[in-house]
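Chemist:
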Amino acid sequence: MKKILTIIIIFLFALNLPAQQWLEGWKDDNTGETWSTETMTIDEWKKDEKFHGDWKADEWDEEEFTLDVQENEWTPESAKEKKPFRMPKRVFEFGLLELDVGFANNFMGVSDILKKKLVLDFANFNSDFNIGFDIFLRPVYWNVSIKDDWGFGMDFGKVTAYGNVSLAEDLMHFRKTSGASFGAGAAVFADVGVPIFFSIKNVWENRKLKINVRPAGFVTAAYVEPQMNYKFVDVNKDGTRGSYIEVDYGFRAYTPFSLEDIGKIMDTLDISSALGFDISVGADYPLFKWVDVGVQFINIPLSPSRLRHYMELKGKATVDTSKVSIDDLINGVFPDDIYTIPDNFDFNYGEVSNKAVSPFFRPFKMLLTADFYPLFNRFLIVSPVLGFSINTLFVQPGAIEIGVKVSTDLANMFIPSISIFYEDQMWKNKFDFVFNLRAFQLNLGIALQSQDFAKSWTGAGLRVNVGLIFGW
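Position 312, counted from 1, in the sequence shown is what numbering that gives the first Met the number 0 calls 311; the numbers after and before it change by one each time, with no gaps.
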């Protein structure tokens, strides 16, 4: 080893290398041992004995040494603190059957259902009555990640379905109101997306900004917006006082094909009009050693989906007690027009003109995220979320999105987490678990949920999710 180093130094002097030429990463081909220097010129190494004067020549062969710049002394590599083991991230992964299914209501919990006698007490119900469900299915997808600096993938046939039914509180209690909206909303979307991510290095203090982009094309398979209204007001007609109650119900389901004749679906199918485009964008940045921050914009609309065919049920039911006088009541006479009820409840089928076609977009979200590391490692991670969503399937389209997740990351192999979120106008109390062996990963989750926070802990709704990932 000594002879080799001497020959190399003499050879470098013979080449008259510049004063800033560094010695780095030399390796003994016979023993396989290595040593390195840190920003030292050959002249400095030769003249300044404080770097090597206290070491005997035969000690260079015993173990690897590096220079500590701050202390100006040689430190054995074996004395350095070794990083704990973490399962390496996959370069390529193939996902199979990612499924998330949930159902909830804000009226009955498990304890109510298990009673011998089920009693529905609407008199003590102090909010709208809501039932909701949603399904997320991603049957196949794949991703490629290069050194966690950039990557891309493909989602095939991801299906998302939403549904909710809302009854206005005023309607259930027959309270007086000038108008209360309620109804049913539902939608089914299928999309193909291309998730892409890349990193921008040295943004600030040599930290890396990670950008996520997912452009997607989607088809709206069905879309229903709530279109019902309830009114209860006092009226005075010709000196006769009374009450006027009106329920204006409407149901219109849009589809890319006609439902009037199931046998002719393929003849009326219009995929080109039903095709829409949106894009999701996000960014994550390690602001400090103890916190990462991020922002997400989900389903930014680019081009709407348009559905021409519809199935409709529409009508109005009214009661007007001002048309009944005291004399009529004494004589047992009731006017025929005191109430109106539609003669039939048949569905109508139709096709809207090009100018009247309504644009449909997928629900939009904007979220601010953070990951706090109170212990300066991944053993404890606290992740709050704050944002808002716009979803026209609900009676009130705009809603806040808020929540917090607490998780522990054990070597990127076992990652359990608990969380409480208000998202998609529903409280979700989740427990998730990730089991990762790199070649195989299993994601499992279960949640209690409801539109009402208190009911979300009583089993008024349930959510289950599962996912399988393979790769290396």
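Using N, Cα and C, we set each Cβ at its ideal position, and we do this for glycine too.
All values reported here derive from a predicted model rather than from experimental measurement.
1) In angstroms with no decimal places, state the Cα-to-Cα distance between Q424 and D336.
2) Leaving out five residues on either side along the sequence, give the residues of the same chain with a beta carbon under 8 Å from the beta carbon of A410.
3) May I ask which residues mark the beginning and end of the alpha helix (DSSP H) holding I112?
4) If you measure between the beta carbons of F217 and D277, is that distance less than 8 Å?
5) Find the nearest neighbour of Q226 within the set D283, F250, Y421 and K454, judged by alpha-carbon distance.
6) Taking the alpha helix (DSSP H) that E168 falls in, what are its first and last residues?
7) Please go through the same chain and pick out, in chain order, the residues whose beta-carbon is closer than 7 Å to the beta-carbon of Y161, but skip the five residues on each side of it.
8) Can you list, in chain order, the residues of its chain with a C-beta nearer than 6 Å to that of F420? Leave out the 5 residues immediately preceding and following it.
9) Could you tell me the distance, in whole angstroms, from the CA atom of Q448 to the CA atom of K288?
10) Alpha carbons only, please: which of S352, V193 and I210 is nearest the one belonging to K200?
11) Determine the direct distance from the alpha carbon of Q395 to that of L306, and round the result to whole angstroms.
12) Can you look up I340 in the DSSP assignment and give me helix, strand or coil?
13) Less than 8 Å between the CB atoms is what I'm expecting for F221 and Y253, so what's the real figure, rounded?
14) Cβ atoms of L98 and V433: under 8 Å apart, would you say?
15) What's the C-alpha gap between K404 and L366?
16) Since N228 sits in a beta bridge, which residues does DSSP pair it with?
17) Closest by CA to P358, which one among G275, K88, P285 and S418?
18) Is the beta carbon of P214 sitting closer than 8 Å to the one on G152?
19) Could you tell me the alpha carbon to alpha carbon distance between L258 and N435, rounded to whole angstroms?
20) Could you name the residues of the same chain whose beta carbon sits closer than 6 Å to that of A179, not counting the 5 residues immediately before and after it, in chain order?
21) Could you check whether V109 and I130 sit closer than 8 Å to each other, using their CB atoms as the reference points?
22) Determine the closest residue to I380 out of D190, E311 and V292, with distance taken between C-alpha atoms.
23) Nearest to L443 by CA position, among D451, T457 and P415, is which residue?
24) Would you call A453 buried or exposed, if buried means 16 or more other Cβ atoms sit within 10 Å of its Cβ?
25) So D319 is in the beta strand (DSSP E); what residue range does that whole segment cover?
26) Evaluate K236 with the Cβ neighbour count: other Cβ atoms within 10 Å of its Cβ, from every protein chain shown; 16 or more gives buried, anything less gives exposed.
27) For D370 and V290, which I take to be in contact (beta-carbon distance under 8 Å), what is that distance rounded to the nearest angstrom?
28) Do you know offhand how far F516's Cα is from V351's?
29) Return the residue from the list F91, V356 and A446 that minimises the CA-CA distance to S144.
30) Helix, strand or coil: which one does DSSP assign to A220?
31) Write down the C-beta distance between A103 and A459 rounded to the nearest angstrom, noting that I regard them as a contact closer than 8 Å.
32) Could you give the C-beta distance for V280 and V212, rounded to a whole number, given that I count them as a contact under 8 Å?
33) What residues in its chain sit with their C-beta under 6 Å from that of K313, if we drop five residues either side in the sequence?
34) Would you give the residue range spanned by the alpha helix (DSSP H) that I264 belongs to?
35) Give the straight-line distance between the Cα atoms of Y140 and A438, rounded to the nearest whole angstrom.
36) In the DSSP assignment, what residue or residues form a beta bridge with A410?
Modeler: Looking at the atomic coordinates:
1) Here residue 424 is taken as the residue at index 425 of the sequence shown, counted from 1. Here residue 336 is taken as the residue at index 337 of the sequence shown, counted from 1. Those two C-alpha atoms are separated by around 41 Å.
2) Numbered from 1 along the sequence shown, position 411 holds the residue referred to as residue 410. Answer for A410: P83, F84, R85 and M86, listed in chain order.
3) Residue numbering aside, residue 112 sits at position 113 when the sequence shown is read from its first letter. Looking at the DSSP string, the run of the alpha helix (DSSP H) that includes I112 is V109 to I112.
4) Counting from 1 along the sequence shown, the entry for residue 217 is found at position 218. Counting from 1 along the sequence shown, the entry for residue 277 is found at position 278. Result yes, Cβ atoms of F217 and D277 sit closer than 8 Å.
5) Counting from 1 along the sequence shown, the entry for residue 226 is found at position 227. Cα-wise, what sits closest to Q226 is F250.
6) Against the sequence shown, residue 168 aligns to sequence position 169. Here the alpha helix (DSSP H) through E168 covers E168 to H172.
7) The sequence position of residue 161 within the sequence shown is 162, counting from 1. Counting only Cβ-Cβ distances below 7 Å, and skipping sequence neighbours, we find D133, A185, A186 and L392.
8) Your numbering for residue 420 matches position 421 in the sequence shown. Excluding sequence neighbours, F420 sits near G402 and K427.
9) Against the sequence shown, residue 448 aligns to sequence position 449. Against the sequence shown, residue 288 aligns to sequence position 289. Their backbone Cα atoms lie some 34 Å apart in a straight line.
10) As a position in the sequence shown, residue 200 is number 201, starting the count at 1. Nearest C-alpha to K200: I210.
11) The count along the sequence shown starts at 1 and reaches residue 306 at position 307. The count along the sequence shown starts at 1 and reaches residue 395 at position 396. Roughly 23 Å separates the two Cα atoms.
12) Here residue 340 is taken as the residue at index 341 of the sequence shown, counted from 1. Looking at I340 - three-state DSSP - the assignment turns out to be coil, as it is neither helix nor strand.
13) As a position in the sequence shown, residue 221 is number 222, starting the count at 1. As a position in the sequence shown, residue 253 is number 254, starting the count at 1. Phe is not the amino acid found at residue 221; the sequence shown has Ala there. Going by Cβ atoms, the distance from A221 to Y253 rounds to 7 Å, so yes, they are a contact pair.
14) By one-based count along the sequence shown, residue 433 stands at place 434. By one-based count along the sequence shown, residue 98 stands at place 99. Against a cut-off of 8 Å, the Cβ pair of L98 and V433 comes out as no contact.
15) The sequence position of residue 404 within the sequence shown is 405, counting from 1. The sequence position of residue 366 within the sequence shown is 367, counting from 1. Roughly 14 Å separates the two Cα atoms.
16) Taking the first residue of the sequence shown as 1, we reach residue 228 at position 229. In the DSSP output, where bridge partners are listed per residue, N228 has S180 and D247.
17) To locate residue 358, count along the sequence shown from 1; it is residue 359. Closest by alpha carbon: G275.
18) On the sequence shown, position 215 is the one that residue 214 refers to. On the sequence shown, position 153 is the one that residue 152 refers to. Not in contact: P214 and G152 (Cβ atoms no closer than 8 Å).
19) Looking up residue 258 in the sequence shown gives position 259. Looking up residue 435 in the sequence shown gives position 436. Near 46 Å, if we compare the C-alpha coordinates of N435 and L258.
20) As a working mapping, residue 179 is identified with position 180 in the sequence shown. Closer than 6 Å at the Cβ level, and outside the excluded window around A179, lie A167, D169 and Y229.
21) If you number the sequence shown from 1, residue 130 lands on position 131. If you number the sequence shown from 1, residue 109 lands on position 110. Not in contact: I130 and V109 (Cβ atoms no closer than 8 Å).
22) Here residue 380 corresponds to residue number 381 of the sequence shown, with the count starting at 1. With distances taken between Cα atoms, I380 lies closest to V292.
23) Walking along the sequence shown from the start, residue 443 turns up at place 444. It is P415 whose Cα lies nearest to the Cα of L443.
24) Start at 1 with the first residue of the sequence shown, and residue 453 comes out as number 454. It is exposed - the Cβ of A453 has fewer than 16 other Cβ atoms within 10 Å.
25) Here the question's residue 319 lines up with position 320 in the sequence shown. Run containing D319: H308 to D319, per the beta strand (DSSP E) assignment.
26) To locate residue 236, count along the sequence shown from 1; it is residue 237. Exposed is the call here.
27) For the purposes of this step, residue 370 is taken as the residue at position 371 of the sequence shown. For the purposes of this step, residue 290 is taken as the residue at position 291 of the sequence shown. Confirmed, about 7 Å.
28) In the structure displayed, the chain extends from 0 to 471; residue 516 sits before or after that span and is not available.
29) Locating residue 144 in the sequence shown gives position 145, where the first residue counts as 1. Considering only alpha carbons, the answer is F91.
30) Numbered from 1 along the sequence shown, position 221 holds the residue referred to as residue 220. A220 falls in the strand class under three-state DSSP.
31) Walking along the sequence shown from the start, residue 103 turns up at place 104. Walking along the sequence shown from the start, residue 459 turns up at place 460. The pair is a contact, with the Cβ atoms about 6 Å apart (cut-off 8 Å).
32) Translated into the one-based positions of the sequence shown, residue 280 becomes position 281. Translated into the one-based positions of the sequence shown, residue 212 becomes position 213. Indeed they touch by this definition, with Cβ atoms about 6 Å apart.
33) Numbered from its first residue, the sequence shown carries residue 313 at position 314. Cβ within range, chain order: G249.
34) In the sequence shown, the residue the question calls residue 264 occupies position 265. Looking at the DSSP string, the run of the alpha helix (DSSP H) that includes I264 is I264 to T267.
35) Here residue 140 is taken as the residue at index 141 of the sequence shown, counted from 1. Here residue 438 is taken as the residue at index 439 of the sequence shown, counted from 1. Taking the straight line from one Cα to the other gives about 16 Å.
36) By 1-based counting over the sequence shown, the position of residue 410 is 411. A410 is not bridged to any residue.
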